[in-house]
Structures are given as C-alpha cells and as structure tokens.
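See below for the structure under consideration.
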Amino acid sequence: TSEGAEVARWTRDDCCDMTLAICVTSVGHSRVSCRSSRRVGPSLRRRSSPRTSTETTDADVVATGGGSDTRTLEGRVNALFPYVAGSAAFMGAWVFGPFPGSLYTGIPSHDEFIAQVYDVLHFTPVFGPSALITKYNELGRLPALTHALPGAVWCALSAWQLHPASRKPFDGAAHRVGGRAMLAAAATLMVGYALIDANGLPADIHDFQGHSGGIADALDAKIQAPTPVNTIGLRLLAGWFVFTGVRAGVTAKEGEYKEHKVWALRHVAAGLWVAAQRPVYSAMRSAMVAGGVLGLVDDASGVESLADGFYYASYVTTMIYFLAGEWAAKGKEPDL
35 TSEGAEVARW TRDDCCDMTL AICVTSVGHS RVSCRSSRRV GPSLRRRSSP RTSTETTDAD
95 VVATGGGSDT RTLEGRVNAL FPYVAGSAAF MGAWVFGPFP GSLYTGIPSH DEFIAQVYDV
155 LHFTPVFGPS ALITKYNELG RLPALTHALP GAVWCALSAW QLHPASRKPF DGAAHRVGGR
215 AMLAAAATLM VGYALIDANG LPADIHDFQG HSGGIADALD AKIQAPTPVN TIGLRLLAGW
275 FVFTGVRAGV TAKEGEYKEH KVWALRHVAA GLWVAAQRPV YSAMRSAMVA GGVLGLVDDA
335 SGVESLADGF YYASYVTTMI YFLAGEWAAK GKEPDL
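Quick note on my numbering: the sequence shown kicks off at 35 and runs consecutively.
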C-alpha cells in the first residue's frame, strides 16, 4: 500500500461467522474474498488505523505465497532457487561449452581435443583419465544425444519451472508446456542412461578397474552379491527419478497442486545432484592430491583413490540435494 493507506480491521463479534478465504494463485499474486452464510448486520464496524508502506504483517506473508518466510513451501523454494539455477547453469556449460562439452562426445575432433587438454594440463593424475568424459563415444553419438542433451534441457527446465515467472505467461500455459517438456526430457535421458548401464560404461566398471570407493568395495566384499552395491544404488536412484517424475505429472493432471509441488521438488532433487557432483568431485580430488603431496594420502593418483573421490562426491551431493528437497517439500502451505 502507499504511504498513509488505511487497513480495515473488524472485531471477532463484528465479523460474526464471516469466513476469510485467502486464495493464493501464484507467488506474489493473491486474491482475498469474504463470504457469509447470513447477512452481516449493521453492527459491523470498520476501524481504521494508518500503516506505512514498510510495515509487513503475517497476513502479507501468507497472501504472497511465502516470500522469504522459510516456514512456507514457497519461501523454502525461494531460498533454494539460487542453488537450483546455479546447478542448471553449470550443467548447461558442461554440456554445451567447449570444455568438456559432453554434447560433442563421439565427434573425433572434440574427443582428441579433450585428450590433448588432459595431457597438456596433466589432468589425469588429478581427475582421472579423459575417458571419464569421452568413453560414451564407444556407442557413437547416441549417448550424447539421448543422455547429455536432454539432461541439460531437463536441468534448465527444472530452474524455470520452480521460478514463479513460469506460472504467469499465457495464464499458466507456459508452465504446463514447460512441465511436459521437462518430463519428456527426463524420459529421453533415461533411455540414454539405460544404454550406458547396459554397455558397462559406469565409472567403476569402465574407468576404475572395478573399484567403487572404499565403502562400496567393503560392502561388496562382505555381501558377495552378483551386482555391485553402487550399481544397485544408481539403479534405485534412477527408479526414484522416474517415479517422482510420473507422480509430478499425474498430480498436475488431476489438479492436486499441493501434491504436485511436493513431487516436483522431489523430482528436481532426484536428478539435479548430478550437476553438483562434478565440481564437488573436482574439489575433492584436488584436496586428495594435495594430501598426497603432504604425505597424508597414500597413492593419491591411483584408481582406488580416484574411485573414492568420485563416489564419495556422489554420496555427499545426493544426500544434500535429497535432504534439501524434502526440507522444501515439508514447508507449510495456506489452505486453498
């Protein structure tokens, strides 16, 4: 309100059985309506008091869908949004950028360029072999087009769909189309994942000589299961990613928007951790190599150490993103 505007207040007795309904349509957009089962008598008295434009009440927070109030679902989404957008931007640079440019894997000139960069900058002892990036070329261009490309599209759409601006254009049609495109990208990238998994291209099998990190290696030795622990874990994550995407789509179609928000947040958390794993792995490996120089880490450039860094980074980012998603999903929402 402008400076000096008046705020109407009614006493409990005056309002009788009047019901105040706050209908939140989107973040920052609300409408307030009052209805009563009987005519409000002449005893309704309007009391006015000035309020400056800088004052904020609890009703303002509820009416705007949460704002910065981290007690609400929208407030928690707003708090997490910079990290969602940053993760999406990083993945876009990873896929479309000149380095490493995973979209171009399978193009000989690109793969040779990656190998040259690793040789010139001595990346291999720190980050592992260049095959960590280029190995999908063993299946030609298919993984790049069915996994890397839709993965980047999915990440970009995850940020767009969580932003309030996506719900405004064309009376919400942009948000609905974006959601369908996001789920289509998710389905496509899972086809690429299935190809990678079926052809033995996960890092522990292809790049780390069967090592899956100290924790998983110990579990594998104890359990003696036919399928490695990390492979099972990754397949379970993939299944959860698919399930949350389906639930997000079904609840939106059925008009269950509260549930839709919860499942959409879980779907984003189930996939976006992959973007964060890469810089966390790089930081972890740099620390491990520095520890090797100081004599704190044995064989810091060996495959076991590389596997430790790769999978421990995966564990950490997965837990952070899943917990953050659940924290946001458990935020309060006004009754519609």
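Built from N, CA and C at the ideal position, the CB exists for glycine as well. Nothing here was measured: the structure is a model prediction, and the numbers come from that model.
For this session: Please state whether DSSP places residue 106 in a helix, a strand or coil.
Result: strand
Exercise. Closest to residue 392 by CA distance: which of 251, 249, 301 is it?
Worked result: Residue coverage of the chain in this structure runs from 35 to 370, which leaves residue 392 outside it and unanswerable.
Exercise. Helix, strand or coil: which one does DSSP assign to residue 202?
Worked result: coil
Problem set entry | N-terminal and C-terminal residue of the alpha helix (DSSP H) that residue 278 is part of | 263-287
For this session: Round the Cβ separation of residue 129 and residue 186 to the nearest angstrom and send it over; I've been treating them as touching at under 8 Å.
Result: 4 Å
Exercise. Residue 177 and residue 223: beta carbons closer than 7 Å?
Worked result: no
Exercise. Which one of 350, 305, 357, 326 has the shortest CA to CA distance from residue 159?
Worked result: 326
Exercise. Do you know offhand how far residue 140's Cα is from residue 125's?
Worked result: 19 Å
Problem set entry | residue 344, enclosing alpha helix (DSSP H) - first and last residue | 337-363
Exercise. Would you call the segment 184-204 and the segment 147-164 touching, i.e. three or more CB-CB distances under 8 Å?
Worked result: no
Exercise. Since residue 258 is in the alpha helix (DSSP H), which residue starts that stretch and which ends it?
Worked result: Note, residue 258: premise wrong, no alpha helix (DSSP H); not H, not E.
For this session: Figure out for me which residue from 307, 335, 305 has the closest Cα to the Cα of residue 319.
Result: 335
Problem set entry | contact_flag[the segment 337-348, the segment 278-288] where n(CB pairs < 8 Å) is 3 or more | no
For this session: Just the C-alpha distance for residue 209 and residue 194, rounded to the nearest angstrom, thanks.
Result: 8 Å
For this session: Using the Cα positions of residue 114 and residue 120, report the straight-line distance between them to the nearest angstrom.
Result: 10 Å
Problem set entry | Backbone CA spacing between residue 248 and residue 342 [nearest angstrom] | 6 Å
For this session: In the DSSP assignment, find the alpha helix (DSSP H) that holds residue 183 and state where it starts and stops.
Result: 183-196
Problem set entry | Rounded C-alpha distance that separates residue 105 from residue 295 | 15 Å
For this session: Can you check the segment 226-252 for any alpha helix (DSSP H) of at least 4 residues that lies completely inside it and give the ranges in chain order?
Result: 237-240
Problem set entry | Opposing strand residues paired with residue 366 [DSSP bridges] | 106
Exercise. Ends of the alpha helix (DSSP H) at residue 295?
Worked result: 291-327
Exercise. Residue 165 lies in the alpha helix (DSSP H); which residues open and close that run?
Worked result: 165-168
Problem set entry | Member of 262, 256, 304, 268 whose CA lies at the smallest distance from the CA of residue 1 | Outside the shown range of the chain, which is 35 to 370, sits residue 1, and nothing can be said about it.
Problem set entry | Nearest-angstrom beta carbon gap, residue 107 and residue 366 [assumed within contact, 8 Å] | 7 Å
Problem set entry | Where the alpha helix (DSSP H) through residue 151 begins and ends | 142-155
Exercise. Is residue 212 helix, strand or coil by DSSP?
Worked result: helix
Problem set entry | Check whether residue 351 and residue 314 have beta carbons under 7 Å apart | yes
Exercise. Apart from the five residues on each side of it in sequence, which residues of its chain come closer than 6 Å, Cβ to Cβ, to residue 237?
Worked result: 344
For this session: Measure from the alpha carbon of residue 170 to the alpha carbon of each residue in 202, 298, 233, 268, then state which is nearest.
Result: 233
Exercise. How long is the line joining the alpha carbons of residue 242 and residue 339, rounded to whole angstroms?
Worked result: 9 Å
Exercise. Quick one, which of 216, 282, 254, 204 has its alpha-carbon nearest residue 122's?
Worked result: 216
Problem set entry | Three-state secondary structure assigned by DSSP to residue 133 | coil
Exercise. Can you round the beta-carbon distance between residue 260 and residue 246 to whole angstroms, since I take them to be within the 8 Å contact cut?
Worked result: At roughly 14 Å, the Cβ-Cβ gap does not stay under 8 Å, so residue 260 and residue 246 are not in contact.
Problem set entry | Neighbourhood of residue 283 by C-beta, 6 Å cutoff - its chain only, sequence neighbours within 5 removed | 217
Problem set entry | Backbone CA spacing between residue 155 and residue 127 [nearest angstrom] | 20 Å
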